[in-house]
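Have a look at the structure below, then the notes.
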Amino acid sequence: MDKEELYGEDRLAAETRIRNLLWTVSGDYDLSCELDIDSFQKAKEISLYDAIKQGAFARFFDTEAFGLYLVKKIYLGAEEGQLMGIAQLCLDEASFSKVAAERPGVPDIRKRAFEEILERDFGRLNASFAGRLKLAYLRRALTGDPAGEQKLRRELDRVEALKDTNDTLEIIRCVDGIYNSAVDRKFEQEHGTLAEVLAVSMADLKKYDWQDYLKEEAEEARLEEYLRQMQNQLTSLSEEEEQEKEKTRGGVVLLDEEAVEKMYSYMELNYGRSYLNELEQQRIDQKLCRGAHADCSLYFTDGILAEPVKVNAQYELAKRTAEMNRRFLHQNRRVTRQNIEVLTEILNHALMTRNEEEIYASEYGRIVPSRLWKVGRTPGGKLFDLEIKKENSDFVVEVLIDASGSQRDRTSRVALQGYILSEALSQAGIPHSVFGFCSFWDYTVMRRFRDFDEGREANSRIFEFYASANNRDGLAVRTAGNALLNRPEDQKILIVLSDGRPNDIIVNRPGSKNPTPYFGDYAIKDTATEIRKLRNQGIAVLGVFAGAEKDLLAEQKIFGKDFAYIKDIRNFSRVTGAYLKKQVLNA
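Taken in order, the sequence shown gives residues 28 to 614; the numbers are from the numbering used here.
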């Protein structure tokens, strides 16, 4: 028997074993299931325990009702990965004691599976709240040790309260409560209570395009396929090996030719059509995508809401996020108005001071009679006064906003900061543009919210800001600087709202060189270099820090002394105003 035949027999034996286990536990021999035999051969104990849980879940609970709840919650804006992670724990706790009471061997299989998950998935699990909660759950089950973080202990206690439940709705309430209290505290306020989640109609769900949530091999973008996919994932506590799934190695994603051909269409679907034609795009890529960014491309768009290809999941997410941002403005309208007034006053006063005529003694201009005595008595006597008046039209500003996924928790606050800046600059009569940037695959997306010569009415588009994907700060800064250098004004200012964490996974196109992964010190140094280049070209650059305190040092390395850390939105205008005032008066 050759190796291939042996492998085929092994797969058949594994498939038979898992299927029989699932059917036996569930008591339903008509139960359809999707078997991952590859996972069984890599992690036998995990796969066996997953099959046990899948059977127990189908036997003791309403799988369809639970799956529909998850789909509705995601439809209203919940983060799929975190929600699924919490749901998996709750189902495990609710199912385990019931199946263990009937089958004495289950606790031992569970123990070995948990040990295997801890050894294999620790790094990936530690990257999110749901992952850390899962780690704490696994450890508590194996050793009885309580979680270190109080927040984790509190949520674990809620999970363990499901031990004796027979009610699917009780599990749903627990999942919903943990998600809303630990992952997204504003979910109820911005998207709806549990009753409103459950009230989402099947008609609404079916109108939604689920393609972006489906696995690549799924042929149809339909609700039924996504629901089936969700139910298959529910009973697995192990993490998918993203490195294998995405063919990622060292921060570089390897794509085949077919995937490369789909990239541009994907960008249009998820970020809106580009406002540049193909020739313009090629020219700007040739000019700016060099050095550390030689394997990258730029993508210029007015956004998916302005230029959609079709109404898909990303469109709906962008729409809901814009509504959330506008609600945040309404909730903070008083402090917003005060910030705009303060910043406008600072700018107007600085411009007025700048506009005051300055008089210098000169060899030409308006003669000063009191100096005529110098004629023939002192060499080089300046007998005239020369009046010099500076022009406000000498100034132009670009506001560049980091729109990567790391800003997701601060989306509304960052959008409000951009709006305050834009409103004040408009009222002061200073031409300016506002762009957001993020990176996906090898594209750095430059999302235009308003252009330099647009009127004040364009400012409200800033509330369409949402965060996604990665961020290649160096290329975005270079692109913004290029736009400023093409402006006729003499005094140019760039304001960058970022979190000090440039990080981008680079796509390796077939036949191209392997690019250096863009993160850590390499990315920080590259961004800082681009900032220095712009300053050497006469562009003033201010960094406004919108991130976690642990990243302050990186922000300082990038921007040097010209950066502002604003903990309280009420101080936003005074801090940024002080910098802008200095630039206006010293120009």
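Each residue gets a CB set at the ideal place from its N, CA and C atoms; glycine is no exception.
Any heavy atom of the ligand COA closer than 6 Å to the beta-carbon of residue i?
i: residue 349; result: This structure lacks the ligand COA, and indeed carries no ligand of any kind.
Given a threshold of 16 other Cβ atoms within 10 Å of its Cβ, counted over all protein chains shown, does residue i qualify as buried or as exposed?
i: residue 493; result: buried
i: residue 460; result: buried
i: residue 401; result: exposed
i: residue 380; result: exposed
i: residue 429; result: buried
i: residue 186; result: buried
i: residue 229; result: exposed
i: residue 456; result: exposed
i: residue 366; result: buried
i: residue 246; result: Summary for residue 246: the model assigns pLDDT 42, below 50, so the residue's position carries little reliability; its value from the coordinates is reported in the next sentence. Exposed, by the Cβ-count rule.
i: residue 568; result: buried
i: residue 528; result: buried
i: residue 231; result: exposed
Is the CB-CB distance between residue i and residue j below 7 Å?
i: residue 479; j: residue 442; result: no
i: residue 189; j: residue 203; result: no
i: residue 500; j: residue 554; result: yes
i: residue 582; j: residue 521; result: no
i: residue 73; j: residue 143; result: yes
i: residue 293; j: residue 331; result: no
i: residue 608; j: residue 394; result: no
i: residue 496; j: residue 445; result: no
i: residue 467; j: residue 427; result: no
i: residue 179; j: residue 141; result: no
i: residue 198; j: residue 113; result: no
i: residue 210; j: residue 100; result: no
i: residue 195; j: residue 322; result: no
i: residue 469; j: residue 324; result: yes
i: residue 486; j: residue 450; result: yes
i: residue 458; j: residue 504; result: no
Whole angstroms is fine: what's the gap from residue i's alpha carbon to residue j's?
i: residue 358; j: residue 595; result: 15 Å
i: residue 519; j: residue 592; result: 22 Å
i: residue 513; j: residue 91; result: 58 Å
i: residue 515; j: residue 448; result: 22 Å
i: residue 546; j: residue 562; result: 23 Å
i: residue 452; j: residue 507; result: 17 Å
i: residue 477; j: residue 328; result: 11 Å
i: residue 411; j: residue 397; result: 10 Å
i: residue 312; j: residue 564; result: 21 Å
i: residue 276; j: residue 600; result: Reliability fails at residue 276, whose pLDDT of 39 lies under 50, so the model's placement of it is uncertain and no value is given.
i: residue 349; j: residue 76; result: 42 Å
i: residue 136; j: residue 110; result: 26 Å
i: residue 471; j: residue 524; result: 16 Å
i: residue 549; j: residue 502; result: 13 Å
i: residue 543; j: residue 333; result: 34 Å
i: residue 316; j: residue 362; result: 40 Å
i: residue 481; j: residue 613; result: 27 Å
i: residue 68; j: residue 139; result: With a pLDDT of 44 at residue 68, under the threshold of 50, the modelled position of that residue is not reliable, and the figure given next carries that caveat. Looking at the two C-alpha atoms, the distance is approximately 15 Å.
i: residue 611; j: residue 511; result: 16 Å
i: residue 14; j: residue 558; result: Summary: the structure shown does not reach residue 14, with the chain confined to residues 28 through 614, and so no result is reported for it.
i: residue 584; j: residue 338; result: 41 Å
Along the chain, where does the alpha helix (DSSP H) containing residue i start, and where does it finish?
i: residue 520; result: Careful: residue 520 lies outside any alpha helix (DSSP H), inside the beta strand (DSSP E) at 518-525.
i: residue 508; result: 500-512
i: residue 585; result: 579-586
i: residue 459; result: Looking at the DSSP string, residue 459 is not in any alpha helix (DSSP H); the run it does join, the beta strand (DSSP E), is 459-467.
i: residue 185; result: 177-187
i: residue 214; result: 214-218
Restricting to Cα atoms, I'd like to know which of the options is closest to residue i.
i: residue 340; options: 76, 104, 427 and 74; result: 104
i: residue 578; options: 106, 530 and 155; result: 530
i: residue 152; options: 143, 162 and 146; result: 162
i: residue 218; options: 344, 171, 301 and 254; result: 344
i: residue 360; options: 439, 586, 140 and 431; result: 439
i: residue 303; options: 320, 560, 473 and 171; result: 473
i: residue 159; options: 348, 138, 232 and 182; result: 182
i: residue 193; options: 119, 317 and 585; result: 119
i: residue 116; options: 201, 599, 517 and 456; result: 201
i: residue 129; options: 146, 610, 605 and 87; result: 87
i: residue 25; options: 584, 362 and 126; result: Only positions 28 to 614 of the chain appear in the structure, and residue 25 is not among them; the question remains open.
i: residue 605; options: 377, 556, 586 and 509; result: 377
i: residue 191; options: 352, 336, 370 and 122; result: 122
i: residue 517; options: 85, 566, 157 and 484; result: 566
i: residue 145; options: 167, 133, 132 and 124; result: 167
How is the beta strand (DSSP E) around residue i delimited, first residue to last?
i: residue 429; result: 422-429
i: residue 101; result: Looking at the DSSP string, residue 101 is not in any beta strand (DSSP E); the run it does join, the alpha helix (DSSP H), is 90-102.
i: residue 326; result: 324-328
i: residue 570; result: 566-572
i: residue 591; result: 590-592
Compare the C-beta of residue i against all C-beta atoms of chain C and say whether one is closer than 7 Å.
i: residue 488; result: Chain labels in this structure do not include chain C; a single protein chain is all it has.
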